[in-house]
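Numbering (the working numbering), first residue to last: 3 to 303. Where is the CB? At the ideal position from N, CA and C, for every residue including glycine. In what follows, a structure is listed as structure tokens, so that the remarks can point back to it.
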């Protein structure tokens with residue numbers, strides 16, 4: 003087990019200090035040259051030959067992408083779980099089967115389906131917007147929106163392209179069901195006597211949510227949010243197959259850049275160093291979120 007786990011990690015770490023390239027893949031090839039920290043410095047200070055690339059910009063977008071998605075996923079998941087947990091709601095089991103579907107469908111299929119939905123000429127989203135606009139006398143030409151390829155920022159002062167919002171819409175569809183499942187399980191473990199006592203005290207629905215529901219589901223939702231944060235941070239499949247990191251690398255994340263270094267430029271040593279940076283970013287996120295999680299374990303109402 004140690005060989006399977008630690009040998010690849012050690013080999014990758016060694017590669018990150020060399021100029022390991024495609025020529026070194028041959029069995030009779032000479033060993034790569036030792037370059038020390040050159041790869042690490044190059045990543046932080048150059049565009050790596052990719053064009054419109056900056057490590058700090060991609061890192062900033064990657065973090066914003068992960069946190070913005072998880073906040074929406076958790077909020078939406080809790081809201082839907084509360085609704086589905088309402089006493090007397092019809093077809094509960096049917097709803098619970100339906101919201102599992104996004105989890106079981108492969109992401110590459112989801113990416114291709116949504117990519118077709120975002121096509122400017124005949125995509126379902128533009129067609130739907132044009133139909134709604136026609137009710138108000140608006141021209142269909144106003145809704146010829148290039149969701150994936152449109153350059154520029156639609157909201158003044160906020161450096162987010164339309165492709166970010168296309169990815170966000172898609173990942174919301176993918177992410178909320180998991181949070182809903184976790185929240186539903188946590189809600190069903192709350193004793194009904196607490197709500198009965200709150201009713202006797204004259205608490206409103208909002209007060210019961212803030213004072214009873216939210217504190218009691220918090221220990222379950224925080225680890226789920228941590229898991230969602232790590233998964234979304236490394237959400238390679240959706241971004242690569244939906245936006246391709248475009249336009250002009252505006253929606254690249256660290257993992258897609260590392261993939262390009264390996265598969266497009268064949269710079270394996272540089273890609274290994276890039277992966278080390280990704281490891282330390284995720285390590286920092288994990289330590290931070292674990293600290294927050296431990297803070298919630300002793301939380302009492």
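Check                                                                                                                                                               : Outcome
Is the segment 176–194 touching the segment 215–231 in the sense that three or more CB pairs, one from each, lie closer than 8 angstroms?                           : yes
Is residue 149 helix, strand or coil by DSSP?                                                                                                                       : coil
CB residue 236 to CB residue 257, shorter than 8 angstroms?                                                                                                         : yes
Can you give me the Cβ contacts of residue 293 inside the same chain, cut-off strictly under 6 angstroms, excluding the 5 residues immediately before and after it? : none
From 274, 250, 228, pick the residue whose C-alpha is nearest to that of residue 284; which is it?                                                                  : 228
May I ask which residues mark the beginning and end of the alpha helix (DSSP H) holding residue 164?                                                                : 164–190
Mind the definition here: the segment 199–212 touches the segment 90–106 only if three or more C-beta pairs lie below 8 angstroms; say whether that holds.          : no
I'd like the list of long-range same chain contacts for residue 250, defined as Cβ closer than 6 angstroms, with 5 residues on each side in sequence excluded.      : 54
Is the segment 67–85 close to the segment 266–286, with three or more CB pairs under 8 angstroms?                                                                   : no
Would the beta-carbon of residue 18 fall within 8 angstroms of that of residue 278?                                                                                 : yes
Report whether the distance from the Cβ of residue 151 to the nearest heavy atom of the ligand NAD is below 7 angstroms.                                            : The model on display carries no ligand, and the ligand NAD is accordingly not part of it.
Would you call residue 215 buried or exposed, if buried means 16 or more other Cβ atoms sit within 10 Å of its Cβ?                                                  : buried
Between the Cα of residue 246 and the Cα atoms of 274, 209, 166, which residue gives the shortest distance?                                                         : 166
Grouping DSSP H, G and I as helix and E and B as strand, with all else coil, what is residue 88?                                                                    : coil
In three-state terms, what does DSSP make of residue 29?                                                                                                            : coil
Note down the Cα distance separating residue 7 from residue 145, rounded to an integer number of angstroms.                                                         : 51 angstroms
What separation, rounded to the nearest whole angstrom, lies between the Cα atoms of residue 305 and residue 210?                                                   : Within the shown structure, residues of the chain are numbered from 3 to 303, placing residue 305 beyond reach of any answer.
Mind checking which residues open and close the alpha helix (DSSP H) that includes residue 256?                                                                     : 256–265
Taking residue 102 as part of the alpha helix (DSSP H), name the residues at either end of that continuous run.                                                     : Per DSSP, residue 102 belongs to no alpha helix (DSSP H) and is neither H nor E.
When you compare the CB positions of residue 234 and residue 68, do they come within less than 8 angstroms of one another, or not?                                  : yes
According to DSSP, is residue 291 helix, strand or coil?                                                                                                            : helix
State whether the segment 266–276 contacts the segment 38–45, with contact taken as three or more CB pairs (one from each stretch) at a distance under 8 angstroms. : yes
Return yes when the Cβ of residue 252 is within less than 8 angstroms of the Cβ of residue 172, no when it is not.                                                  : no
Could you check where the alpha helix (DSSP H) with residue 47 kicks off and where it finishes?                                                                     : 40–47
Counting only the same chain and skipping the five closest in sequence on each side, list residues whose C-beta sits under 7 angstroms from that of residue 161.    : 155
Is the beta carbon of residue 268 less than 8 angstroms from the beta carbon of residue 23?                                                                         : yes
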